[in-house]
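> Same order as they appear, the protein sequences are chains P and W.
Those letters in the first sequence? Residues 1 to 219, per the numbering used here, in order.
Those letters in the second sequence? Residues 1001 to 1219, per the numbering used here, in order.
Every residue, glycine too, gets a C-beta built ideally from N, C-alpha and C.
One structure follows; several queries about it will come next.
There are 2 protein chains.
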Amino acid sequence: MQDLNQDQPGQDSLIKSFLRMVHSADGDFEAIRELTEAASDEKSLDLMIEFLERHPQAKKAFEQQICLGEVNLQALHLLPKNTLGYCYADNLITNGFSPLKADEPKNKYQYLLAHIIETHDIWHIITGCNTNILGELQLESFYVGQLYATRFWLALVAKNLLKVVIDDIEKSTQYMDAITRGWIMAKQAEPLFGIQWNLFWETPLDEVRRSFNIILPDS
Amino acid sequence: MQDLNQDQPGQDSLIKSFLRMVHSADGDFEAIRELTEAASDEKSLDLMIEFLERHPQAKKAFEQQICLGEVNLQALHLLPKNTLGYCYADNLITNGFSPLKADEPKNKYQYLLAHIIETHDIWHIITGCNTNILGELQLESFYVGQLYATRFWLALVAKNLLKVVIDDIEKSTQYMDAITRGWIMAKQAEPLFGIQWNLFWETPLDEVRRSFNIILPDS
């Protein structure tokens, strides 16, 4: 995260970065970075932090800047196959990814972003959202439900709907189903922000999901 | 509806009319007209018609070009207060609206649009969606579920999400709830396209809703 925007986001910069996302291939990190910046105004970040801190776990996470720290994927991959740690590591290894890392946060705004980045792939596993466009969209909708005033994730939902309007209208049902599933799951679930996930590496994934009331849709 | 676009919609004209909607006040009819035109390409209209005609009621409506015809609001307003006819008339009279009319359709494409225009305010009543922005959004989502390959209504959903990203992020929960409610209601309901609504003016609204499995959300 660079400098914060002023109280209100720049409408022009939000629309510009939104349109860049519409025209970009999925996973264009430069476009994502630009949208992150345009969506990071003080007003919405304050709203999110105030909302999240109502839950003791997130309050503690902000105070102590709880981080995942170094992750040894090879070691996690030796855990039993039903554990969170194994599933997380296996997913990253299979896709050739490394754990996402953020710069060390210096304030709450930076911690908010750093924690989201660092735990993003864990949220994929926990929510059962895979990394194709429908899984990403379901997870984006889940983030809106869990983070509340997030311009970034809601812009991604809107962007994906506009892309399907333009290019792929036959898929509208699948897209709307994904949004609805993510939204309902987020409302049923306990707040996930601020969880110290490395305490759960050895716990069966099913048990972790149950403890946070993550209810996977039937299909 | 003017001339049809070619097989694929013009990406540029769709984005241009989408952005015009983002910058317009709600209910800007010129902006809506422009989006209708940009979203009316042969490919998506054919997909919708093929989808709708799987149901005998819509097939018959397309064949016979079933229309609502002249509506006498004052007469409907004399019906018992629990009837569809009274509720429809009362809503229009209270808001100072007249029944929406479309040009006489000359082909299936024009009938598709004409029927949607003519029945729009009835769908508001049947679905219990009021005419504020949340009610409109819920109904837009309902249309996507009922019409399937509709670039127009899905673009409106995306437009409203982008507007809330820019101007009103505190309302993200209400917006996502509205989309989810409309979507779930559309999937539960029987197909509404092609219903000859004037046969139901004297039927209690609750009974009409039951007969088409319209289940109102709790809140």
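#1: Sort out for me which residues DSSP pairs T1083(W) with in a bridge.
#2: With distance defined between alpha-carbon atoms, name the residue in Y1175(W), V1164(W), Q1174(W), A1186(W) nearest to T173(P).
#3: Determine, using beta carbons only, whether R210(P) comes closer than 8 Å to chain W.
#4: Return the CA-CA distance between V1189(W) and D1041(W), expressed in angstroms with no decimal places.
#5: Counting only beta-carbon separations shorter than 8 Å, does D1003(W) have a partner in chain P?
#6: Chain W beta carbons: is any one of them nearer than 8 Å to that of I166(P)?
#7: Going by beta carbon distance, what residues of the same chain come within less than 6 Å of A61(P), once the five residues before and after it are set aside?
#8: Determine, using beta carbons only, whether S1172(W) comes closer than 8 Å to chain P.
#9: Just to confirm, is the Cβ distance from W1183(W) to T36(P) under 8 Å?
#10: Might you give, ordered along the chain, the residues of its own chain that have their beta carbon closer than 7 Å to the beta carbon of E1112(W), omitting 5 neighbours on each side?
#11: To the nearest angstrom, report how far apart L19(P) and S1017(W) are at their CA atoms.
#12: Establish whether the CB of I1169(W) and some CB of chain A are separated by less than 8 Å.
#13: Quick one: what's got a C-beta closer than 7 Å to A39(P)'s C-beta in the same chain, skipping five residues either side?
#14: When you compare each of H23(P), A89(P), R209(P), F29(P) to K99(P) by their alpha carbons, which one comes out closest?
#15: Roughly how many angstroms lie between the CA atoms of E1034(W) and Y1175(W), to the nearest whole one?
#16: Going along the segment 182 to 216 of chain P in order, which residues come within less than 8 Å of chain W, judged by CB to CB distance?
#17: Helix, strand or coil, according to DSSP, for K60(P) in the structure here?
#18: Kindly indicate the opening and closing residues of the alpha helix (DSSP H) around V1022(W).
#19: So Q138(P) contacts chain W; which residues on that side make the cut at Cβ distance below 9 Å?
#20: Just mark L1216(W) as buried or exposed, buried being the case when its beta carbon has 16 or more other beta carbons within 10 Å.
#21: So with CB distances below 7 Å, who are the chain P contacts of Y1158(W)?
#22: Mind pulling the chain P residues with CB within less than 8 Å of S1240(W)?
#23: Any idea what DSSP makes of V1071(W), helix, strand or coil?
#24: CB-CB under 8 Å to V157(P), same chain, minus the five flanking residues each way: which ones, in chain order?
#25: Closest Cβ-Cβ distance between Q65(P) and chain W: below 8 Å?
#26: Taking V144(P) as the query, report the chain W residues whose CB atoms sit under 7 Å from its CB, ordered along the chain.
#27: Quick check: the segment 57 to 77 of chain P against the segment 91 to 107 of chain P, are there 3 or more CB pairs under 8 Å?
#28: Does chain P have any CB closer than 8 Å to the CB of Y963(W)?
#29: Whose Cβ in chain P lies nearer than 9 Å to the Cβ of Y1086(W)?
#30: State the CB to CB distance for the pair I1021(W) and K1159(W), rounded to an integer number of angstroms; the pair is presumed to be in contact (CB under 8 Å).
#31: So, with DSSP's three-state summary, where would you put H120(P)?
According to the structure data:
#1: P1204(W)
#2: A1186(W)
#3: With its beta carbon at least 8 Å from every one in chain W, R210(P) lies outside the interface.
#4: This sequence places Ala at residue 1189(W); Val is not what is there. Computed Cα separation, rounded: 27 Å.
#5: Its pLDDT being 47, under 50, D1003(W) is placed unreliably in this model, and the value from its coordinates should be taken loosely. Not an interface residue.
#6: yes
#7: G194
#8: Taking Cβ atoms only, chain P reaches closer than 8 Å to S1172(W), which makes this a yes.
#9: no
#10: Contrary to the premise, residue 1112(W) reads as Leu rather than Glu in this sequence. Counting only Cβ-Cβ distances below 7 Å, and skipping sequence neighbours, we find L1045, M1048, I1049.
#11: One C-alpha to the other measures close to 13 Å.
#12: Although the question refers to chain A, the structure presented lacks it and instead comprises the protein chains P and W.
#13: P9, L14, R151, F152, A155
#14: A quick correction: the sequence has Pro, not Lys, at residue 99(P). Nearest C-alpha to P99(P): A89(P).
#15: 24 Å
#16: Cβ contacts with chain W: W183, I184.
#17: It is helical.
#18: 1011 to 1023
#19: Under the 9 Å cutoff, chain W gives no residues; its nearest Cβ is about 13 Å from Q138(P).
#20: exposed
#21: For the record, residue 1158(W) in the displayed sequence is Ala; it is not Tyr. A158, L161, L162, V165, listed in chain order.
#22: Residue 1240(W) lies beyond the stretch modelled for chain W, which goes from 1001 to 1219, so this question has no answer here.
#23: Coil, per DSSP.
#24: L137, E140, S141, V144, I179
#25: No, Q65(P) does not count as interfacial toward chain W.
#26: S1172, M1176
#27: yes
#28: Chain W is shown from 1001 up to 1219; residue 963(W) falls before or after that span and cannot be answered.
#29: Those do not exist, as Y1086(W) stays about 33 Å from chain P at its closest Cβ, beyond 9 Å.
#30: Note that residue 1021(W) is Met in the sequence shown, not Ile. At roughly 5 Å, the Cβ-Cβ gap stays under 8 Å, so M1021(W) and K1159(W) are in contact.
#31: helix
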